[in-house]
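*Asks:*
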Ligand code: APR
Ligand code: PHB
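Numbering (my numbering), first residue to last: 25 to 414.
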């Protein structure tokens, strides 16, 4: 069996890459460890930069995001009991972000792939990328105890943070990591979002909070919590009460509560693996980098990796040039580090750190005050929030 590009992982990175390659007439197969339903069951952030929406359109899967995505012109910071809108649209000469759940985006991509008759091998066991240092890479995998082999020209490691692709080259990778001393407790509920047209980021003495949404009838909220808290410790009533206590009085009053339909605790991490190319294998998305979710850059970074990678592979196959694949890793990392910096900065600014003594707290207070009262500082936040230029 043979394909041009073997893609490992059917998350947003792998599916989007597959779709863009298909549109350019490049044959590809995806190997996914889990079932499609399992992949669709993962709840993650869903704030899309314009670059990401444009890429979805280019891939021919932009219809639903255009119809159902909710466009945001601003964000809001809440601290010291007061609300501070940041006019992202005005500060960036007209840029916006779009709220659209990652689950929906993944479903759109899966449906487009099925409609195009492209192969995804779900529940593939023991997937191993091989031979990528030479001219003839291949992937092996098992189904029902039998081992199979797929020859290819390139391998795309789109298999997330715990995937096999980066693990295969672990001796050749330099890893940079910061783990934060708290987690996010997230709740999804079928209630109208308290702030349907602006994501609200809150910093209070009790910790960080976030009011987000999936649609005009589905909300997503988070509160900072200790890493060793258990979901069972958090009844819905306790969660709503805690969220309210971290917001300003008007927002707290306006929150419509309801039963949670999903509740989970996620750790926060910054992580980058360098480089992102190993001969004929490339890493893309969470396989190569993780950002803490403050700032919602994870999915957007995955999308720009895929943009660079698809462009590089298309020019290799169509124009016989190596230029794109040779510059892939450097181009991605330059953008990734800027998004890492932004996500780390916003995380540091908006959370309570257990070891921050009086001085550190005053620095945070001063920076927040400066941020909302200086147009220059607000512009720095806004231009990073909508995504730096490619
Ligand atoms: N073999 C095959 N598939 C694998 C393997 C393996 N050994 N290991 C992992 N996978 C699959 C996972 O089951 C998952 O479906 O790879 C996929 C990786 O998907 P994601 O983790 O969603 O990563 P990515 O597609 O890069 O998406 C990045 O996810 O975490 C968010 O913020 C992040 O929004 C961003 C997006
Ligand atoms: C979310 O909707 O889940 C979300 C939004 C913004 C973030 C993080 C998560 O910064």
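Idealized CB from N, CA, C, for every residue including glycine.
A quick note: this is a predicted structure, and the numbers were derived from the prediction, not measured.
1) Applying the criterion that 16 or more other CB atoms from any shown protein chain within 10 Å of the CB defines a buried residue, is residue 402 buried or exposed?
2) Buried or exposed: where does residue 383 fall if 16 or more other Cβ atoms within 10 Å of its Cβ makes it buried?
3) Taking 8 angstroms as the line, does the beta carbon of residue 61 fall inside it for any heavy atom of ligand 1?
4) So, with DSSP's three-state summary, where would you put residue 286?
5) Can you tell me whether residue 285 is buried or exposed? The criterion is at least 16 other CB atoms within 10 Å of its CB, across all chains shown.
6) Based on Cα-Cα distance, which residue from 274, 280, 96 and 160 lies nearest to residue 214?
7) Are there 16 or more other CB atoms within 10 angstroms of the CB of residue 346, so buried, or fewer, so exposed?
8) Compute the Euclidean distance between the alpha carbons of residue 258 and residue 171, then round it to the nearest angstrom.
9) Using CA coordinates, which residue listed in 70, 305, 222 and 47 is at the minimum distance from residue 191?
10) Excluding five sequence neighbours on each side, which residues of the same chain lie with their C-beta closer than 6 angstroms to the C-beta of residue 256?
11) Using the rule of at least 16 other Cβ atoms within 10 Å of the residue's Cβ for burial, across every protein chain shown, is residue 132 buried or exposed?
12) Beta carbon of residue 193: closer than 8 angstroms to some heavy atom of ligand 1?
13) How about the region 224-235 and the region 368-384: do they share at least three Cβ pairs that are nearer than 8 angstroms?
14) Closest to residue 225 by CA distance: which of 254, 90, 267 and 135 is it?
15) Would you kindly report the start and end of the unbroken beta strand (DSSP E) that includes residue 205?
16) Can you tell which of 147, 118, 160 and 52 has its C-alpha closest to the C-alpha of residue 169?
17) DSSP beta-bridge partners for residue 175?
18) Who does residue 235 pair with in a DSSP beta bridge?
19) Rounded to whole angstroms, how far is the Cβ of residue 76 from the Cβ of residue 327, which I believe are closer than 8 angstroms?
20) Starting from residue 113, trace the beta strand (DSSP E) both ways and give me its first and last residue.
21) Who are the Cβ neighbours of residue 198 in its own chain at under 6 angstroms, not counting the five residues just before and after it?
22) Contact check, residue 211 vs residue 188 under 8 angstroms by CB: the rounded distance?
23) Quick one: using the 10 Å Cβ neighbour count with 16 as the cut-off for buried, is residue 203 buried or exposed?
24) Per DSSP, what are the beta-bridge partners of residue 302 in this structure?
25) From residue 355 to residue 412, what does the alpha carbon distance come to, in whole angstroms?
26) Which value, in whole angstroms, describes the spacing of the CA atoms of residue 410 and residue 91?
27) Can you list, in chain order, the residues of its chain whose CB lies under 8 angstroms from that of residue 362, leaving out five sequence neighbours each side?
28) Less than 8 angstroms between the CB of residue 288 and some heavy atom of ligand 1, yes or no?
29) With three or more beta-carbon pairs closer than 8 angstroms as the criterion, would you say the region 43-54 touches the region 318-336?
30) With respect to 8 angstroms, is the separation between the Cβ of residue 319 and the closest non-hydrogen atom of ligand 2 below this value?
31) Residue 101 lies in the beta strand (DSSP E); which residues open and close that run?
32) Please find out if some non-hydrogen atom of ligand 2 comes closer than 8 angstroms to the beta-carbon of residue 234.
33) Around the Cβ of residue 381, are there at least 16 other Cβ atoms within 10 angstroms (buried) or fewer (exposed)?
34) Apply the 10 Å Cβ neighbour rule to residue 254 and answer buried if 16 or more other Cβ atoms are within range, or exposed otherwise.
35) How about residue 365: is its Cβ closer than 8 angstroms to a heavy atom in ligand 2?
36) Within 8 angstroms: the Cβ of residue 343 and any heavy atom of ligand 1?
*Replies:* Concretely, from the data shown:
1) buried
2) So residue 383 counts as exposed.
3) no
4) strand
5) exposed
6) 280
7) exposed
8) 45 angstroms
9) 305
10) none
11) buried
12) Of the heavy atoms belonging to ligand 1, none sits nearer than 8 angstroms to the Cβ of residue 193.
13) yes
14) 267
15) 198-213
16) The shortest Cα separation from residue 169 among 147, 118, 160 and 52 belongs to 147.
17) 26 and 162
18) 224 and 245
19) 4 angstroms
20) Residue 113 -> not in any beta strand (DSSP E); alpha helix (DSSP H) instead, spanning 112-115.
21) 298
22) About 32 angstroms; that fails the 8 angstroms criterion.
23) exposed
24) 305
25) 13 angstroms
26) Residue 410 and residue 91: Cα-Cα distance of roughly 20 angstroms.
27) 408 and 412
28) Exclusion of residue 288 from the 8 angstroms shell around ligand 1 follows from its C-beta lying no nearer than that to any non-hydrogen atom of the ligand.
29) yes
30) Look at residue 319: its beta carbon is less than 8 angstroms from one of the heavy atoms in ligand 2.
31) 98-103
32) yes
33) So residue 381 ends up on the exposed side.
34) For residue 254, the number of other beta carbons within 10 angstroms of its own is below 16, and it is reported as exposed.
35) no
36) no
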